[in-house]
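Scroll down for the structure; my scribbles are underneath it.
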Amino acid sequence: MTKHSRRAFAKLATASVPLLTLDAHPAEPPATIINGVRFGVETFSFHDLPPAGDPQLVPTLIRDMKDARIAECEIMSGHVEPMGSYATGWWVATRRDPGFPKMREDARRWRLSVPMEYYGKVRRLFEQAGLSIFLYNVNFNETFTDEERDRTFEAAKELGAAGFSSSTVLSEAQRLVPFVERHRMFVAMHNHNNLVDPDQFATPASFQKALDMSEYFKVTLDIGHFTAGNNDAVDFISKHHDRIVNIHVRDRKRNNGRNMPFGQGDTPIKEVLQLIRDNRYPIRCYIEYEYGSFRPSTEEVKRCLEYCKQVLA
Amino acid sequence: MKQLFRMIGVLALATVLAAAQSVSKETYDFNFIGQPLPDTVLQHAKETFVLFGCAYCHGLNLVTRGEATDLMHSRLVGQDVDGNLIRPLLRAGIPQTAKLSPMPQFSDLSDQQIGALVLWIHYARSEGRFKELTEAKDPLVGDAGKGKAYFDQKCASCHSGSGDLAGVGKKYSGAALKTAFLKPRTLDRPRSWRVDELHDAKTVVAKAQHRALLENYSAEDASNVTAFLATLK
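Those protein sequences? They're chains A and B, same order as listed. Counted the way the working numbering counts, the first sequence spans residues 791 to 1103. Counted the way the working numbering counts, the second sequence spans residues 22 to 254.
See below:
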């Protein structure tokens, strides 16, 4: 075994720390950077949060992000608003529920009447903790009214978000064009792997259709879902890196395979992260933890980040 | 002195075993998975349901999360017998769907692993349905005539109002009667170490049939059968 003097050991220890910096300097947004690659988290990754509307939800989220040492996030609307995404029409099946119209109307009324200060308070909670919201994850759909779409853009600005990430569909993207142009704010389309519905984002061709609609349309590439749909994430990033805002880092198997612990599925996580590092693409890499585990989600998010650190070393 | 050494030895061994078995909150999320079940086979099934990611979308106790199918009320799960419908579905997934994210396929799991998932789905469903049927805020008033028709169709091959169930309406009343027929004691009886009991076909079949019924009773069925059983004085 190699012996180290106390001084040599201290030097070694400090040399490995800057791999992960949680920099809360007020002049710059805080960042978690590993070998030049900027990391964040999709707040969906934290599974042990209080329900939507609970005043402890945002403080718990902040606690979990600090615990995982991740400085920025893409925050789900259901983690900001007092209702889950299902109440705003995210899931097609829920829209068929008899109680949906009233639930949807209540959600709309809340959105249109809540003072913008509500969102400002959420932003300040993050800022005071040395964290930041980079993207507001709102799943735009046909149940939104134009007034509601406008209001949602205002909300994103109050949250301090640079733009949106959205699990949406091509037909809704068409409706969003005048809004992104007017607000000069981007919406990054997030893919799943539904290959039978041509309205869904699941293939390079579906992304291209949205990218052609407006320069304010970007991509949040979920490399796990992309791989589960038998697409090539490395190839897509190489070709479209200038329109990709962030990637969701998760591992899935091909052929609609399941979510796996990082490094055990078919998703080329290592190749993608190294591609971003080596080409200095300004693409942020957001951990999205969804596979099964006995550990609490914060512990698992830490392991995901640790895997990324190892493949970037 | 010899006894003292023996005691110290026993204590040391107990400490070592406790340490080996202790699970930290960082490695095992008791808040989500819950405390271990007394039945180790069911505990294994529950952990399999967590480990392969089913619990995250469908809910550990089948209170569904997200857009995943509600397994507590799914007709397919209700009609499944020992995985005859669930197994092939798990192996293939559901790629043809209107949902954002299709149900993934689990073709890489072994038969034993799929079997454990099926076991947990049925157990959790029967527990959840029992809760729904017994904790309803406004229980329905049952129709004894309809209850008898249901009994004759589903229960009479094993039970008789003038035989094993004679006087049951006198023995139990109201909610207790409902609980007793929805979940007979045999369902929750712990597994026996006796091989002859373990393989007692009558008990095994009775358990399976009662679980299947419990997974499929509607609130109306439960109230009607309770009303009928109450007439067996």
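The beta-carbon is built from N, C-alpha and C at its ideal position, and this holds for glycine as well.
{"Query": "So, with DSSP's three-state summary, where would you put A:ASP838?", "Result": "coil"}
{"Query": "Is the CB-CB distance between A:TYR1079 and A:GLU1090 below 9 Å?", "Result": "yes"}
{"Query": "May I have the straight-line CA-CA distance separating A:ILE1073 from A:ALA1018, to the nearest angstrom?", "Result": "21 Å"}
{"Query": "Verify the CB distance criterion: does B:GLU153 have a CB-CB separation below 9 Å to chain A?", "Result": "no"}
{"Query": "Does A:LYS1029 have its Cβ less than 9 Å from a Cβ in chain B?", "Result": "no"}
{"Query": "Where does B:THR118 sit, in a helix, a strand or coil, going by DSSP?", "Result": "coil"}
{"Query": "Under 9 Å between C-beta atoms, does B:GLN117 make it to chain A?", "Result": "yes"}
{"Query": "So, at 6 Å on beta carbons, what are the nonlocal neighbours of B:ILE107 in its own chain, with the 5 sequence-adjacent residues on each side left out?", "Result": "ASP101, VAL139"}
{"Query": "Given a cut-off of 9 Å, decide if B:SER122 and A:ASN984 are closer than it, judged by their beta-carbon atoms.", "Result": "yes"}
{"Query": "Is the CB of A:ALA883 under 9 Å away from at least one CB in chain B?", "Result": "yes"}
{"Query": "Consider the Cβ of A:ASP987: report whether some Cβ of chain B lies at a distance smaller than 9 Å.", "Result": "yes"}
{"Query": "Got a sec: is the Cβ-Cβ distance from A:ARG1042 to anything in chain B below 9 Å?", "Result": "yes"}
{"Query": "Would you mind working out which of B:ALA137, B:ALA229, B:LEU161 sits nearest B:THR61, comparing C-alpha positions?", "Result": "B:ALA137"}
{"Query": "How would you call A:PRO1058, buried or exposed, if buried means at least 16 neighbouring beta carbons within 10 angstroms?", "Result": "buried"}
{"Query": "Find the residues of chain B that neighbour A:ALA842, judging by a C-beta separation of less than 7 Å, and give them in chain order.", "Result": "By Cβ distance, chain B contributes nothing, its closest Cβ being about 12 Å from A:ALA842, past 7 Å."}
{"Query": "Name, please, each residue of chain B whose Cβ falls closer than 8 Å to the Cβ of A:SER957.", "Result": "LEU121"}
{"Query": "Would a C-beta distance cut-off of 9 Å place A:GLU862 and A:SER922 closer than the cut-off?", "Result": "yes"}
{"Query": "So, using beta-carbon positions, are A:ASN1046 and B:GLN134 closer together than 9 Å?", "Result": "no"}
{"Query": "Report all residues from its chain with a CB closer than 6 Å to the CB of A:ILE1013; omit the five preceding and five following residues, and keep chain order.", "Result": "ALA1023, ILE1037, THR1057, VAL1062"}
{"Query": "Starting from A:VAL1039, follow its DSSP beta bridges and name the residues at the other end.", "Result": "A:ILE1077"}
{"Query": "Would you kindly work out how many angstroms separate the C-alpha atoms of B:THR247 and A:GLU864, rounded to a whole number?", "Result": "52 Å"}
{"Query": "Starting from the Cα of A:PHE836, find the closest Cα among A:ILE824, A:PHE829, A:LEU851 and give me that residue.", "Result": "A:LEU851"}
{"Query": "Closest Cβ-Cβ distance between B:LEU235 and chain A: below 9 Å?", "Result": "no"}
{"Query": "Anything in the segment 1071–1084 of chain A with a Cβ closer than 8 Å to a Cβ of chain B? List those residues in chain order, please.", "Result": "GLU1080, TYR1081, GLY1082, SER1083, PHE1084"}
{"Query": "Measure from the alpha carbon of B:ALA187 to the alpha carbon of each residue in B:PHE249, B:GLU156, B:ASN82, then state which is nearest.", "Result": "B:PHE249"}
{"Query": "In chain order, what are the residue ranges of uninterrupted alpha helix (DSSP H) at least 4 long that sit wholly in the segment 173–205 of chain B?", "Result": "189–192, 195–203"}
{"Query": "I need the boundaries of the beta strand (DSSP E) containing A:LEU1011, first residue and last residue.", "Result": "1007–1012"}
{"Query": "Fully enclosed by the segment 874–904 of chain A, which alpha helix (DSSP H) runs are 4 residues long or longer?", "Result": "882–885, 890–903"}
{"Query": "What number of angstroms, rounded off, separates the C-alpha of A:THR1088 from the C-alpha of A:VAL1039?", "Result": "16 Å"}
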